[in-house]
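*Asks:*
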Amino acid sequence: MKKMDFKIATLPGDGIGPEVIEQTIAVLNKIGTMFGHTFNYTELLVGGSAIDATEEPLPQLTIDTCLASDSVLLGAVGGPKWDNLPGDKRPEKALLGLRGALGLYANIRPAVLHKALKDACPLRSDIVGDGIDICVVRELTGGMYFGDRGRTTGEMGEAAYDTECYSITEVERISRIAFEIARKRNKKVMSVDKANVLESSRLWRSVVINVAKDYPDVELDHMYVDNAAMQLIRDPHQFDVIVTTNMFGDILSDEASMVTGSIGMLPSASLGKGTLGMYEPIHGSAPDIAGQDKANPIATILSAAMMLRYSFGLEQEAVAIEEAVTKVLDQQFRTGDIMSAGMQLIGTKEMGQRILAAL
Ligand code: IPM
Ligand code: MG
């Protein structure tokens, strides 16, 4: 086995971010000891805590250090304290800035319902069957999030606009990622758009159809976004990989995560051209429970597993983490967000320790 050294930029951020990152680093260190790798961490400021320290949500030092690292592990950003700042000074701006600066155009958000957590799922058990496993692939550096925006005056007075614009290149590269991922799963891609109304969606659809020619082993289908929102709840099993725009992906990935009933469980990876990726839990900073040892660290720990897999090529190590998490859930330990009758309620730290012990 090859021993390796990795530079990881850690961005704990706000709210529960620091607590969940702390547990995740402990898990990574144990993996390092078990498999003979060394992880070197550099902690950096981001979001509200960066605003407090430097008046900027995304200091240049953070961007530069991330670019010089092998990967980035992020906790969460935002909180009521910074909610009234102007748009480009808000903590959320840091996320968009990082995605843009690091060129992370592909956001991979697996929505998996662990068998042990079936009771946490809000859908009827006959709809859930024996679990849910969907992977949302969201375009992350284009569309309305990054398009031209501004204020103007129209016939009805003051107005504002945001533009949705996609180039063929942007759609091609995100489609390829979706097809590649589908190849390793159930070989089905559902492209979600609004081609009955939007010109950008018509281009999106035609490009995805073209890219599909290189993946004859993968089945491609299309769905309008409104229908997709409905079908996700009506019958989540019809989906394997969903590929969609930045805006639609933002919405559908939240919906998909709720379908699994446990947003505190879901990891994500943001990838670009090279191997540098940013890994973060899907949940937010949860300021209401911050610092109380109540947060579920599993989403961040599973994000670290994705980092090992996608940025470092350490599949075996990634699987070890995922199996340890499953084991602890099977042992009936739960944090508050996934608690159900008969289970044993534990805190952030104990959840981290239990996962360490299960490794
Ligand atoms: C997400 C979040 C962000 C987004 C916000 C915080 C800017 O909702 O990662 O899904 O809209 O992309
Ligand atoms: Mg979102």
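Per my numbering, residue 276 is the first one in the sequence shown, and the count goes up by one each step.
Here a beta-carbon is modelled for each residue, glycine too, at the ideal position from N, C-alpha and C.
(1) Quick one: complete alpha helix (DSSP H) runs, 4+ long, within the stretch 490-556?
(2) Could you tell me which residues DSSP pairs with residue 463 in its beta bridges?
(3) Roughly how far, in whole angstroms, is the beta-carbon of residue 500 from the beta-carbon of residue 410, given that I think they are within contact range, below 8 Å?
(4) Would you say residue 478 and residue 446 are within 8 Å of each other, going by their C-beta atoms?
(5) Would you report the Cα separation of residue 363 and residue 609, rounded to the nearest angstrom?
(6) Are there 16 or more other CB atoms within 10 angstroms of the CB of residue 521, so buried, or fewer, so exposed?
(7) Return the residue from the list 379, 382, 407 that minimises the CA-CA distance to residue 389.
(8) Looking at the structure shown, is residue 289 part of a helix, part of a strand, or coil, going by DSSP?
(9) Hey, out of 480, 528, 391, 286, whose CA is closest to residue 344's CA?
(10) Could you tell me the boundaries of the beta strand (DSSP E) in which residue 621 lies?
(11) On the premise that residue 528 lies in contact with residue 612, defined as a C-beta separation below 8 Å, what is that separation, rounded to the nearest angstrom?
(12) Based on the DSSP secondary-structure assignment, which residues constitute the bridge partners of residue 282?
(13) How is the beta strand (DSSP E) around residue 383 delimited, first residue to last?
(14) Residue 336: buried (16+ other C-beta within 10 angstroms of its C-beta) or exposed?
(15) Check whether the Cβ atoms of residue 512 and residue 466 sit closer than 8 Å, and answer yes or no.
(16) Put residue 421 into one of helix, strand or coil per three-state DSSP.
(17) Can you tell me whether residue 570 is helix, strand or coil according to DSSP?
(18) Rank 294, 541, 348 by C-alpha distance to the C-alpha of residue 314 and give the top, closest one.
(19) What does the alpha-carbon distance come out to for the pair residue 632 and residue 456?
(20) How big is the Cα-Cα spacing for residue 324 and residue 567?
(21) Report all residues from its chain with a CB closer than 7 Å to the CB of residue 585; omit the five preceding and five following residues, and keep chain order.
(22) Regarding residue 529 and the ligand MG, is the C-beta to nearest heavy atom distance less than 7 Å?
(23) Would you decide whether residue 431 is buried or exposed? Buried here means 16 or more other CB atoms lie within 10 Å of its CB.
(24) Name the residue from 387, 379, 378, 332 whose alpha carbon lies nearest to the alpha carbon of residue 269.
(25) For the beta strand (DSSP E) containing residue 486, list its first residue and its last residue.
(26) Can you round the beta-carbon distance between residue 576 and residue 557 to whole angstroms, since I take them to be within the 8 Å contact cut?
(27) Name the residue from 422, 470, 374 whose alpha carbon lies nearest to the alpha carbon of residue 502.
(28) Which residues share a DSSP beta bridge with residue 407?
(29) Straight-line CA distance for residue 366 to residue 350?
*Replies:* Answer, in terms of the structure:
(1) 500-509, 521-534
(2) Locating residue 463 in the sequence shown gives position 188, counting from the first residue. Beta-bridge pairing links residue 463 to 494.
(3) Counting from one through the sequence shown, the residue named residue 500 turns up at place 225. Counting from one through the sequence shown, the residue named residue 410 turns up at place 135. Wrong, their Cβ atoms sit about 17 Å apart, outside the cutoff.
(4) For the purposes of this step, residue 478 is identified with residue 203 of the sequence shown, where counting begins at 1. For the purposes of this step, residue 446 is identified with residue 171 of the sequence shown, where counting begins at 1. Yes. Within cutoff.
(5) Stepping through the sequence shown from its first residue, residue 363 is reached at position 88. Stepping through the sequence shown from its first residue, residue 609 is reached at position 334. Each residue's Cα considered, the two are about 38 Å apart.
(6) Here residue 521 refers to the residue found at position 246 of the sequence shown. So residue 521 counts as buried.
(7) In the sequence shown, counting from the first residue as 1, residue 389 sits at position 114. Comparing Cα-Cα distances from residue 389 to each of 379, 382, 407, the minimum goes to 407.
(8) As a position in the sequence shown, residue 289 is number 14, starting the count at 1. Here residue 289 sits in coil by DSSP.
(9) On the sequence shown, position 69 is the one that residue 344 refers to. Minimum Cα distance to residue 344 is reached at 286.
(10) Counted from its first residue, the sequence shown places residue 621 at position 346. Premise fails: residue 621 is in no beta strand (DSSP E) and is neither H nor E.
(11) Residue numbering aside, residue 612 sits at position 337 when the sequence shown is read from its first letter. Residue numbering aside, residue 528 sits at position 253 when the sequence shown is read from its first letter. The Cβ separation is near 18 Å, so there is no contact.
(12) Here residue 282 refers to the residue found at position 7 when the sequence shown is read from its first residue. In the DSSP output, where bridge partners are listed per residue, residue 282 has 315.
(13) Here residue 383 is taken as the residue at index 108 of the sequence shown, counted from 1. Start and end: 381-388.
(14) The residue you call residue 336 lines up with position 61 of the sequence shown. The residue is exposed, with fewer than 16 neighbouring Cβ atoms inside 10 Å.
(15) Indexing the sequence shown from 1 puts residue 512 at position 237. Indexing the sequence shown from 1 puts residue 466 at position 191. No, Cβ-Cβ distance for residue 512 and residue 466 is not below 8 Å.
(16) Numbered from its first residue, the sequence shown carries residue 421 at position 146. Coil at residue 421, not helix or strand.
(17) Sequence index remark: in the sequence shown, residue 570 carries index 295 (1-based). In the structure shown, the three-state DSSP call for residue 570 is coil.
(18) One-based indexing of the sequence shown puts residue 314 at position 39. For the residues 294, 541, 348, the minimum Cα distance to residue 314 belongs to 348.
(19) Here the question's residue 632 lines up with position 357 in the sequence shown. Here the question's residue 456 lines up with position 181 in the sequence shown. The alpha-carbon atoms of residue 632 and residue 456 are separated by roughly 31 Å.
(20) Residue numbering aside, residue 324 sits at position 49 when the sequence shown is read from its first letter. Residue numbering aside, residue 567 sits at position 292 when the sequence shown is read from its first letter. Distance between the alpha carbons of residue 324 and residue 567 is about 18 Å.
(21) Here residue 585 corresponds to residue number 310 of the sequence shown, with the count starting at 1. Contacts found: 544, 546, 552.
(22) Here residue 529 refers to the residue found at position 254 of the sequence shown. The answer is yes for residue 529.
(23) Residue 431 sits at position 156 when you count from the first residue of the sequence shown. Exposed: under 16 other Cβ atoms inside 10 Å.
(24) Beyond the ends of the chain as shown, which are 276 and 634, falls residue 269; an answer cannot be given.
(25) Position 211 of the sequence shown, counted from the start, is the residue given in the question as residue 486. No beta strand (DSSP E) holds residue 486; the alpha helix (DSSP H) holding it covers 474-487.
(26) Within the sequence shown, numbered from 1, the residue matching residue 576 stands at position 301. Within the sequence shown, numbered from 1, the residue matching residue 557 stands at position 282. Incorrect: roughly 13 Å between the Cβ atoms, too far for contact.
(27) Taking the first residue of the sequence shown as 1, we reach residue 502 at position 227. Comparing Cα positions, the closest option is 470.
(28) Within the sequence shown, numbered from 1, the residue matching residue 407 stands at position 132. Note: residue 407 sits in a beta bridge opposite 388.
(29) Start at 1 with the first residue of the sequence shown, and residue 366 comes out as number 91. Start at 1 with the first residue of the sequence shown, and residue 350 comes out as number 75. If I take the Cα positions, the gap works out to 13 Å.
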